[in-house]
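Participant:
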Amino acid sequence: MRAYCRDEITVVHITGEVDATNIDRFFEYAHRFASDAPGLILNLSEVDFLCARGLFVLRAVDSLCRAERRAWAIVTSPAVKRLLQVGDPKATLPTASSEREALTTIDADRRTDLAAS
Numbered sequence: 001m002r003a004y005c006r007d008e009i010t011v012v013h014i015t016g017e018v019d020a021t022n023i024d025r026f027f028e029y030a031h032r033f034a035s036d037a038p039g040l041i042l043n044l045s046e047v048d049f050l051c052a053r054g055l056f057v058l059r060a061v062d063s064l065c066r067a068e069r070r071a072w073a074i075v076t077s078p079a080v081k082r083l084l085q086v087g088d089p090k091a092t093l094p095t096a097s098s099e100r101e102a103l104t105t106i107d108a109d110r111r112t113d114l115a116a117s
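Residue numbering for the sequence shown follows UniProt numbering, starting at 1 and increasing by one per position.
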C-alpha cells in the first residue's frame with residue numbers, strides 16, 4: 001500500500017491480495033486518506049483478490065466522501081469488478097478503468113461543485 005499525490009488528488013495504490021489478514025490495515029489506510037484529501041482515487045487495478053469485507057471498506061469510504069462532498073473513484077481490477085458486480089449491482093460506487101480516467105472524472109466533479117458554490 002502506498003499513497004501519493006497526482007494533480008492535487010490523493011491516490012492510494014493497493015496491490016496483491018486484500019483478505020482477512022490485512023483488511024483492517026486497508027480500511028485504516030483508505031479512511032485516513034479519504035478524510036484528508038480534496039479528491040481521492042483508490043487504485044485497486046493491481047488487486048488480485050478483494051475479500052467480501054472489502055465492499056464494506058469501499059462503502060465506508062463512499063459515505064465519508066459523500067458526507068464531505070469529496071469526489072473520489074475506484075480504479076478496478078478484474079477481481080474488484082467481480083466483487084462489485086455481486087455487491088454493488090446498481091453500480092452506485094464510482095469506478096474507473098484507469099487512473100487517468102479517474103482523475104478526469106474527479107476533476108470534472110470538482111469543477112461542477114465549484115461552479116455550483
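In this text, a Cβ means the ideal position worked out from N, Cα and C, and glycines have one as well.
I need the boundaries of the beta strand (DSSP E) containing A30, first residue and last residue.
Facilitator: That residue, A30, is in no beta strand (DSSP E); its alpha helix (DSSP H) goes I23 to D36.
Participant: Of the residues R25, Y29 and R70, which one's Cα is nearest the Cα of I9?
Facilitator: Comparing Cα positions, the closest option is R70.
Participant: Counting beta carbon pairs with one atom in the region 58 to 65 and one in the region 98 to 110, are three or more of them shorter than 8 Å?
Facilitator: no
Participant: Any idea which residues DSSP pairs C5 with across the strands?
Facilitator: C5 is bridged to T10.
Participant: Enumerate, from N- to C-terminal direction, the unbroken beta strand (DSSP E) stretches of 3 or more residues contained entirely within the region 71 to 97.
Facilitator: 71 to 75
Participant: Roughly how many angstroms lie between the CA atoms of E17 and R53, to the nearest whole one?
Facilitator: 13 Å
Participant: Which residue comes first and which comes last in the beta strand (DSSP E) that contains D48?
Facilitator: Residues G39 to L50.
Participant: Using C-beta distances below 8 Å, list every residue in its chain close to L103, excluding the 5 sequence neighbours before and after it, in chain order.
Facilitator: R6, D7, I9 and I41
Participant: At what residues does the alpha helix (DSSP H) containing D19 begin and finish?
Facilitator: Where D19 is concerned, there is no enclosing alpha helix (DSSP H), given that its DSSP letter is neither H nor E.
Participant: Alpha helix (DSSP H) containing R59: first to last residue?
Facilitator: R53 to A67
Participant: Let me know the secondary structure DSSP gives T15 once reduced to three states.
Facilitator: It is a strand residue.
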